[in-house]
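Sequence order for the protein chains is S and E.
First residue of the first sequence: 98, per our numbering; consecutive thereafter.
First residue of the second sequence: 9, per our numbering; consecutive thereafter.
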Amino acid sequence: MLFGLVVAGIILCAVLAITANRLLASAIWLAGVSALSAILFYMLGAREVAVIELSIGVGLVTVLFVFAISIAGDEAMNAKPLVPRILGMVLVLSLVVLLGWMAVPGFRTADPTTELTSTDILWEVRGMDLIVQVSLIFAGVLSVLGLLSEKILPARAAEKGGRS
Amino acid sequence: MILDPLILVTAGVCLLAGVGLYGLLASRNLIKLIVAMQILTKAAVLALVAAGAASGRINLSQSLAITVIVVDTVVAAVGLALGVQVRKRFGSLDAANLASLRR
Chain S
98 MLFGLVVAGI
108 ILCAVLAITA
118 NRLLASAIWL
128 AGVSALSAIL
138 FYMLGAREVA
148 VIELSIGVGL
158 VTVLFVFAIS
168 IAGDEAMNAK
178 PLVPRILGMV
188 LVLSLVVLLG
198 WMAVPGFRTA
208 DPTTELTSTD
218 ILWEVRGMDL
228 IVQVSLIFAG
238 VLSVLGLLSE
248 KILPARAAEK
258 GGRS
Chain E
9 MILDPLILVT
19 AGVCLLAGVG
29 LYGLLASRNL
39 IKLIVAMQIL
49 TKAAVLALVA
59 AGAASGRINL
69 SQSLAITVIV
79 VDTVVAAVGL
89 ALGVQVRKRF
99 GSLDAANLAS
109 LRR
């Protein structure tokens, strides 16, 4: 019952995030999707992921979106989509049916296996992944800095050089 | 009959992926496209955790899910920075206005 309510809430928030006219409302509904999926992760037993989703998905990503919208402006856009609406609906329906068809044979009775703790898996088995993640974060930070930095105009550069 | 929670979650994952894909297809606003991409990734993470819970290997699925969340956040940050730059250069967030890429 509780599972059904949370899943329905996630779908509702996602639909509202897609259909909202204002970008800010869309970002807030996306934060709702993140918060509800964190609750779902906790109910499924994935506690670490729930905490990380709550802090990154609801906190950091929402702040990023609000920051970007405040710079780029919250313009309502009611232009027609590039893909015809009917074609989009058909594509989406076929994706949902295909996903369901692929997921159904996955339900088997789980045999209880002895499992490493998640910190062991993260730091020992998948240590290479962590290195790749760290370098990816650095690459991301560098590219955001490169994209958002302003070019210094020649006059201002000369002024700066003269001052120092 | 009470539905198994995992079947409910799997159905939710399928629908969430559908909503995300529809957002990617139907939206022209660059920031809205990133919102749709976030919803798709959320569906993927949910599917990973549900698969881990179904097979009794929740810790392995958690370590994979953490990787996906980190990569997704970096992608969102770079995408939003690109969107801001497009707004500065082209004066609008409409993806159809990026016509210089088409020619």
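We put the beta carbon where it would ideally sit given N, CA and C, even for glycine.
Residues that DSSP places opposite residue i in a beta bridge
i, result
"residue 37 of chain E", "E:102"
Status (buried if at least 16 other CB within 10 Å, exposed otherwise) for residue i
i, result
"residue 66 of chain E", "buried"
"residue 170 of chain S", "exposed"
"residue 75 of chain E", "buried"
"residue 228 of chain S", "exposed"
"residue 32 of chain E", "buried"
"residue 20 of chain E", "buried"
"residue 9 of chain E", "Because residue 9 of chain E carries a pLDDT of 45, less than 50, the predicted location of this residue cannot be relied on, and the following value inherits that uncertainty. When all chains shown are included, residue 9 of chain E counts as exposed."
"residue 49 of chain E", "buried"
"residue 99 of chain E", "exposed"
"residue 104 of chain E", "exposed"
"residue 242 of chain S", "exposed"
"residue 198 of chain S", "exposed"
"residue 191 of chain S", "exposed"
Segment limits, alpha helix (DSSP H) that includes residue i
i, result
"residue 176 of chain S", "It is not in any alpha helix (DSSP H) - residue 176 of chain S carries neither H nor E in the DSSP assignment."
"residue 144 of chain S", "144-149"
"residue 157 of chain S", "Here residue 157 of chain S belongs to no alpha helix (DSSP H), and DSSP marks it neither H nor E."
"residue 182 of chain S", "182-200"
"residue 243 of chain S", "224-245"
"residue 117 of chain S", "Unbroken run through residue 117 of chain S: none, as it is neither H nor E."
Inter-residue Cα distance where the pair is residue i and residue j
i, j, result
"residue 183 of chain S", "residue 118 of chain S", "21 Å"
"residue 70 of chain E", "residue 25 of chain E", "20 Å"
"residue 22 of chain E", "residue 51 of chain E", "8 Å"
"residue 247 of chain S", "residue 77 of chain E", "29 Å"
"residue 153 of chain S", "residue 30 of chain E", "25 Å"
"residue 2 of chain E", "residue 63 of chain E", "What is shown of chain E runs 9 to 111, which leaves residue 2 of chain E out entirely."
"residue 196 of chain S", "residue 80 of chain E", "21 Å"
"residue 128 of chain S", "residue 55 of chain E", "19 Å"
"residue 155 of chain S", "residue 162 of chain S", "11 Å"
"residue 226 of chain S", "residue 216 of chain S", "13 Å"
"residue 223 of chain S", "residue 177 of chain S", "45 Å"
"residue 150 of chain S", "residue 90 of chain E", "24 Å"
"residue 5 of chain E", "residue 193 of chain S", "There is no way to answer for residue 5 of chain E, as the model of chain E reaches only from 9 to 111."
"residue 167 of chain S", "residue 124 of chain S", "12 Å"
"residue 233 of chain S", "residue 72 of chain E", "15 Å"
"residue 220 of chain S", "residue 53 of chain E", "20 Å"
"residue 143 of chain S", "residue 244 of chain S", "36 Å"
"residue 138 of chain S", "residue 147 of chain S", "5 Å"
"residue 237 of chain S", "residue 85 of chain E", "7 Å"
"residue 83 of chain E", "residue 235 of chain S", "12 Å"
"residue 106 of chain E", "residue 185 of chain S", "22 Å"
"residue 45 of chain E", "residue 28 of chain E", "6 Å"
"residue 110 of chain S", "residue 130 of chain S", "6 Å"
"residue 108 of chain S", "residue 174 of chain S", "23 Å"
"residue 16 of chain E", "residue 158 of chain S", "27 Å"
"residue 101 of chain S", "residue 132 of chain S", "16 Å"
"residue 181 of chain S", "residue 114 of chain S", "20 Å"
Exercise. Mind listing, in chain order, the continuous alpha helix (DSSP H) runs of no fewer than 4 residues lying wholly within the region 18-64 of chain E?
Key: Within the region 18-64 of chain E, the alpha helix (DSSP H) runs of at least 4 residues that lie entirely inside it are, in chain order, 38-63.
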